Every structure is written in C-alpha cells, then in structure tokens.
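Notes follow once the structure below has been shown.
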Amino acid sequence: MNDRAEAVFWIVWNPEGRNPRFRHTTEPSAIGEAERLAREHPGQMFIVLEAKAARLVDDMIRTTFDDLNIPF
185 MNDRAEAVFW
195 IVWNPEGRNP
205 RFRHTTEPSA
215 IGEAERLARE
225 HPGQMFIVLE
235 AKAARLVDDM
245 IRTTFDDLNI
255 PF
C-alpha cells in the first residue's frame with residue numbers, strides 16, 4: 185500500500201452551481217467565501233466542505249493487439 189499525506193483543504197459548494205475549483209487552506213477562509221457568495225446570490229445555499237479522506241486506484245493494464253496482417 186502506498187500511503188501519502190496531503191494538506192487538508194475546504195471547498196465551497198453551491199448545489200445549484202458549478203463544481204468548486206478553489207481549495208481554501210483554512211476553514212475561516214472558506215466560511216468567509218461562502219458568506220460573500222451567499223450575499224452575492226440571495227436565495228442560494230453555499231456549503232463549506234472539508235476534505236477528510238481520498239482514495240485513488242491506479243491499476244490500468246494496457247494491452248495492444250497486433251493485427252498480424254490478417255486480411256479480413
């Protein structure tokens with residue numbers, strides 16, 4: 185198993201909007217952004233989410249088939 189550690193981050197998500205792209209390095213930064221966006225877009229909810237864990241599977245097996253010049 186290949187464990188690796190990454191810095192925790194927070195994102196601000198709007199269920200009615202696009203996928204979040206910016207990673208906040210502190211919770212207060214993310215909360216402040218959620219408040220700013222909520223004021224800018226009344227009636228829409230902005231949720232602060234903390235990254236707790238991630239999983240990645242990287243086990244692709246690539247096979248190339250040679251046609252061997254078979255004429256069909």
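According to the working numbering, the sequence shown is numbered sequentially starting from 185.
For every residue, glycine included, the Cβ atom is placed at its ideal position computed from N, Cα and C.
This one's a predicted model, so the numbers in the text were calculated from it and none came from an experiment.
Item                                                                                                                     : Value
Note down the Cα distance separating R220 from W194, rounded to an integer number of angstroms.                          : 15 angstroms
Specify the secondary structure class of E190 as computed by DSSP and reduced to three states.                           : coil
Nearest to N203 by alpha carbon, out of I231, T209, P226, A191?                                                          : I231
From V196, G227, A222, pick the residue whose C-alpha is nearest to that of R205; which is it?                           : V196
On the criterion of 16 or more Cβ atoms from any shown chain inside 10 Å, does A237 qualify as buried, or is it exposed? : exposed
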